[in-house]
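Inspection log for the structure reproduced underneath, given as structure tokens.
Protein chains: 2
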Amino acid sequence: MAIRTSFTELFGVPHPLVLAPMGGASGGALAAAVSEAGGLGLVGGGYGDPGWLERELDTVADATDKPWGAGVITWAASEDAVRLILSYRPAAVFLSFGDPAPYAVLVKETGVRLICQVQDVAGARQAAAAGADVIVAQGTEAGGHGSRRATLPLVPAVVDTVAPVPVLAAGGITDGRGVAAALMLGAQGAVLGTRFCATPESLYPDWAKKRLVAGSGDETSRTRVFDAARDFGWPAPYTGRALRNAFVDAWAGREDELRASAQARERFALGHQAGDPDVGLVWAGEGTDLITAVEPAGELVAQIAAEAEELLRTAARQLDH
Amino acid sequence: MAIRTSFTELFGVPHPLVLAPMGGASGGALAAAVSEAGGLGLVGGGYGDPGWLERELDTVADATDKPWGAGVITWAASEDAVRLILSYRPAAVFLSFGDPAPYAVLVKETGVRLICQVQDVAGARQAAAAGADVIVAQGTEAGGHGSRRATLPLVPAVVDTVAPVPVLAAGGITDGRGVAAALMLGAQGAVLGTRFCATPESLYPDWAKKRLVAGSGDETSRTRVFDAARDFGWPAPYTGRALRNAFVDAWAGREDELRASAQARERFALGHQAGDPDVGLVWAGEGTDLITAVEPAGELVAQIAAEAEELLRTAARQLDH
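Listed in order, the protein sequences are those of chains W and C. Going by the numbering used here, the letters in the first sequence line up with residues 1 to 321, in that order. Going by the numbering used here, the letters in the second sequence line up with residues 1001 to 1321, in that order.
This is how it looks when you write it as structure tokens:
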């Protein structure tokens, strides 16, 4: 049994499940594990560091013959980074956070599929105009960078706006219930991030994986503190959802001061490096409530797909004739 | 055909659809229309004004023999307001925004069902401990007052936390797709607010209904500006989601100053009264993208239920054997 959607048809994958291309989590090993299990694994190219990208793209290309892809942060990307990814002949390039137009032509002229992630209806219009083959509607409940709109109402609004372009749902999806819900909303699949951070294959340090297992969605918040601490120039309206800790509480609302203090930023870097949970950064979505163990990515794909399939198979039983 | 869940069984209603008890929108006529169509209509008692409550409870009690209920804002409620509602022998009392314990005993000793709306997992635990018969998990995408967590990840987390208490989903649900998604997440039904504001029966003024039809979810935001303008003492963490306008943009971040300025508050009151969209308050959830017309509440109930039923009936078709 498998779920067939226009997304699974387009990529020739058995499951409508995509690994979010998360910098610092989605390396080649995690992407390959998801692809091998029948999802679409995406390497998280982040800010486009060429050394990191080459190493992780070598890893995924060596580890799987199944379709895989890679993503970069649009506003931070360079033509070189996108060309480097394209040189590996991936199944898809994933662009998020900014106008995809500058790179869209580059991707599409190679015949590689373009997946654009958007955070609102206006962004979906922009992605459709740029020629996106797939549009991801990302809700605010997602871990890491994102914006304000929430997944449940955003997905059908984007579906209606960009039809017939296939839409995937991202943000807050952690198990088969979330995947089945996404399909009911009109999505053709789901992008999961935080759930795959708590896997042996993820690049998260062990202390951060433990915090995901222990943490609740109630403890996450969208913040600019960690971007200030790392002196990254994320433009409005993007913020990052992470587990709250003493460091966030101390600097929330004082991000400019933090950015200006080399000493405070050094304290963050050292605390994070040391795995101090009161200081360190753990990007985490609200779905972290449903993460109760570190589990292999391939097993998660199988388990989440099976749970979603069972929900679809038995959905009509709720009807009373 | 109808959807049968533990919620529809508990109340003996045909559809797992609930009208949110919205102050300023859900009067007796709207609640009766939803109940007559097979949902559960709830009068929005708001801050508990006895004259208003008596008039609207008279209206709903006269207009329908089907199950209906009424809600109040927990932190603003009084024992008198709750006793007044109970004197009408409603099917349910709905409490939201604060610890329900002080009124829970009062409701339950009369045999009336207690529905508690919560905004996070911690609140769900509190509601279960207070003996709630039904718990509503309300996401941040909801119109009007609410908090930070989003519907899609909150619902399954609450379901797992309070089982076997039935859970309803609220926030961002506007059509049958949202209702079917809520059921996949493990909810036993859905609470709809903003969608029912754009009905002839709603107490919203016509200019506000027009703005809901024209507006997009991208244009809403959670704000404290309107509570400051009305000098209402909403406690943290509650904010209200409304359509953004020039008034919100002018006062965001300066709520204390607004509250202290009788002149500015007067300007708001006059502008709102006059239906000036640059000033006036239109509570609106993110689902407003999907509202394209003012439609009778009863027709909406039938249409939304039919759409959800069709999605459940055909869900298994996405499976490929």
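Positions of the beta carbon are idealized from the N, C-alpha and C atoms, including for glycine. Being a predicted model, the structure only gives us computed values, none of them experimental.
Cβ neighbour criterion (16 or more within 10 Å) applied to residue 318(W): The count along the first sequence starts at 1 and reaches residue 318(W) at position 318. Counting Cβ neighbours within 10 Å, residue 318(W) comes out buried, since at least 16 surround it.
Endpoints, beta strand (DSSP E) assigned at residue 138(W): Numbered from its first residue, the first sequence carries residue 138(W) at position 138. Its beta strand (DSSP E) spans residues 134-138.
Whole beta strand (DSSP E) elements within the segment 127-171 of chain W, 3-residue minimum: Listed in chain order, they are 134-138, 144-146, 167-170.
Chain C contacts from the segment 49-72 of chain W (Cβ-Cβ distance under 9 Å): none
Range covered by the alpha helix (DSSP H) that runs through residue 177(W): By 1-based counting over the first sequence, the position of residue 177(W) is 177. Taken as a continuous stretch (DSSP letters only), the alpha helix (DSSP H) holding residue 177(W) covers 176-184.
Reference residue 247(W), options 81(W), 267(W), 119(W), closest by Cα: Residue numbering aside, residue 247(W) sits at position 247 when the first sequence is read from its first letter. The residue among 81(W), 267(W), 119(W) with its C-alpha nearest the C-alpha of residue 247(W) is 267(W).
One or two residues paired with residue 96(W) in a DSSP bridge: As a position in the first sequence, residue 96(W) is number 96, starting the count at 1. Per DSSP, 73(W), 117(W).
CB contact check: residue 319(W) to chain C, cutoff 8 Å: By one-based count along the first sequence, residue 319(W) stands at place 319. Yes, residue 319(W) lies at the interface with chain C (some Cβ there is under 8 Å from its Cβ).
Residue from 1303(C), 1304(C), 1297(C) with nearest C-alpha to residue 1029(C): Position 29 of the second sequence, counting from 1, holds the residue named residue 1029(C). The shortest C-alpha separation from residue 1029(C) is found at 1297(C).
Rounded distance between the beta-carbons of residue 67(W) and residue 11(W), thought under 8 Å: By 1-based counting over the first sequence, the position of residue 11(W) is 11. By 1-based counting over the first sequence, the position of residue 67(W) is 67. Yes, residue 11(W) and residue 67(W) are in contact; Cβ-Cβ is about 5 Å, under 8 Å.
Whole-angstrom C-beta distance between residue 1094(C) and residue 1042(C), which should lie under 8 Å: As a working note, residue 1042(C) is residue 42 in the second sequence. As a working note, residue 1094(C) is residue 94 in the second sequence. Between residue 1094(C) and residue 1042(C) the Cβ distance is about 5 Å, and since that is below 8 Å, they are a contact.
Whole-Å CB distance - residue 146(W) paired with residue 241(W), under 8 Å assumed: Start at 1 with the first residue of the first sequence, and residue 146(W) comes out as number 146. Start at 1 with the first residue of the first sequence, and residue 241(W) comes out as number 241. The pair is a contact, with the Cβ atoms about 6 Å apart (cut-off 8 Å).
CA-to-CA distance, residue 1294(C) to residue 1027(C), given in whole angstroms: As a position in the second sequence, residue 1027(C) is number 27, starting the count at 1. As a position in the second sequence, residue 1294(C) is number 294, starting the count at 1. Rounded to whole angstroms, the separation of the alpha carbons of residue 1294(C) and residue 1027(C) is 17 Å.
Three-state class that DSSP yields for residue 202(W) in the structure shown: The count along the first sequence starts at 1 and reaches residue 202(W) at position 202. Here residue 202(W) sits in coil by DSSP.
Cβ-Cβ distance between residue 258(W) and residue 225(W) below 8 Å: As a position in the first sequence, residue 258(W) is number 258, starting the count at 1. As a position in the first sequence, residue 225(W) is number 225, starting the count at 1. Yes, the pair counts as a contact, with Cβ atoms nearer than the cut-off.
C-alpha gap between residue 1126(C) and residue 86(W), whole angstroms: By one-based count along the second sequence, residue 1126(C) stands at place 126. By one-based count along the first sequence, residue 86(W) stands at place 86. Their backbone Cα atoms lie some 52 Å apart in a straight line.
Reference residue 75(W), options 117(W), 186(W), 58(W), closest by Cα: As a position in the first sequence, residue 75(W) is number 75, starting the count at 1. Across the set 117(W), 186(W), 58(W), the C-alpha of 117(W) shows the shortest separation from the C-alpha of residue 75(W).
Test: residue 278(W) CB closer than 8 Å to a CB of chain C: Locating residue 278(W) in the first sequence gives position 278, counting from the first residue. Residue 278(W) does not count as touching chain C.
Backbone secondary structure at residue 1308(C) - three-state DSSP: Counting from one through the second sequence, the residue named residue 1308(C) turns up at place 308. Here residue 1308(C) sits in helix by DSSP.
Expected contact under 8 Å - CB spacing of residue 1158(C) and residue 1135(C) to nearest Å: Here residue 1158(C) corresponds to residue number 158 of the second sequence, with the count starting at 1. Here residue 1135(C) corresponds to residue number 135 of the second sequence, with the count starting at 1. About 6 Å separates the two Cβ atoms, so the contact holds.
For residue 1207(C), the three-state DSSP class (helix, strand or coil): As a first step, residue 1207(C) is located in the second sequence; it is residue number 207 there, counting from the start. DSSP places residue 1207(C) in helix when its eight states are reduced to three.
Run of the alpha helix (DSSP H) containing residue 60(W), from where it starts to where it stops: Here residue 60(W) refers to the residue found at position 60 when the first sequence is read from its first residue. Here the alpha helix (DSSP H) through residue 60(W) covers 50-63.
Alpha-carbon spacing of residue 1233(C) relative to residue 138(W), whole angstroms: To locate residue 1233(C), count along the second sequence from 1; it is residue 233. To locate residue 138(W), count along the first sequence from 1; it is residue 138. About 33 Å.
Interface residues of chain W facing residue 1218(C) [CB-CB closer than 8 Å]: In the second sequence, the residue the question calls residue 1218(C) occupies position 218. Per Cβ cutoff of 8 Å: 120, 121, 122, 149.
First through last residue of the alpha helix (DSSP H) which encompasses residue 1225(C): The residue you call residue 1225(C) lines up with position 225 of the second sequence. Its alpha helix (DSSP H) spans residues 1225-1229.
Identity of the residues DSSP links to residue 243(W) by a beta bridge: Within the first sequence, residue 243(W) is the residue found at index 243, counting from 1. According to DSSP, which records beta bridges pairwise, residue 243(W) is partnered with 220(W).
Assigned exposure category for residue 34(W) - 16 Cβ within 10 Å defines buried: As a first step, residue 34(W) is located in the first sequence; it is residue number 34 there, counting from the start. Looking at its Cβ environment, which holds 16 or more other Cβ atoms inside 10 Å, residue 34(W) is buried.
Partner residues on chain C for residue 312(W), Cβ-Cβ distance less than 8 Å: As a first step, residue 312(W) is located in the first sequence; it is residue number 312 there, counting from the start. 1315, 1316, 1318, 1319, listed in chain order.
Close Cβ partners of residue 1284(C) (< 7 Å) along its chain, the five nearest in sequence each way excluded: Within the second sequence, residue 1284(C) is the residue found at index 284, counting from 1. Excluding its 5 nearest sequence neighbours in each direction, residue 1284(C) has C-beta neighbours in its own chain below 7 Å: 1143, 1194, 1212, 1215, 1220, 1241, 1242, 1243, listed in chain order.
Per-residue DSSP class, three states only, for residue 282(W): Here residue 282(W) refers to the residue found at position 282 when the first sequence is read from its first residue. DSSP, reduced to helix, strand and coil, places residue 282(W) outside both helices and strands of the structure shown, so it counts as coil.
Three CB pairs or more closer than 8 Å across the segment 1273-1289 of chain C and the segment 1187-1202 of chain C: yes
Whole-Å CB distance - residue 1178(C) paired with residue 90(W), under 8 Å assumed: For this step, residue 1178(C) is matched to residue 178 along the second sequence. For this step, residue 90(W) is matched to residue 90 along the first sequence. Actually they are not in contact, since the Cβ atoms of residue 1178(C) and residue 90(W) sit about 34 Å apart, beyond 8 Å.
Residue from 148(W), 151(W), 186(W), 83(W) with nearest C-alpha to residue 162(W): Taking the first residue of the first sequence as 1, we reach residue 162(W) at position 162. Nearest of 148(W), 151(W), 186(W), 83(W) to residue 162(W), Cα basis: 186(W).
Whole-angstrom C-beta distance between residue 1315(C) and residue 182(W), which should lie under 8 Å: The residue given as residue 182(W) occupies position 182 in the first sequence. The residue given as residue 1315(C) occupies position 315 in the second sequence. 12 Å between Cβ atoms; not a contact.
Sub-8 Å separation of residue 32(W) and residue 64(W) beta-carbons: As a position in the first sequence, residue 32(W) is number 32, starting the count at 1. As a position in the first sequence, residue 64(W) is number 64, starting the count at 1. For residue 32(W) and residue 64(W), yes; Cβs fall inside 8 Å.
Bounding residues of the beta strand (DSSP E) (the contiguous stretch that carries residue 44(W)): Numbered from 1 along the first sequence, position 44 holds the residue referred to as residue 44(W). Counting along the chain, the beta strand (DSSP E) containing residue 44(W) begins and ends at 41-44.
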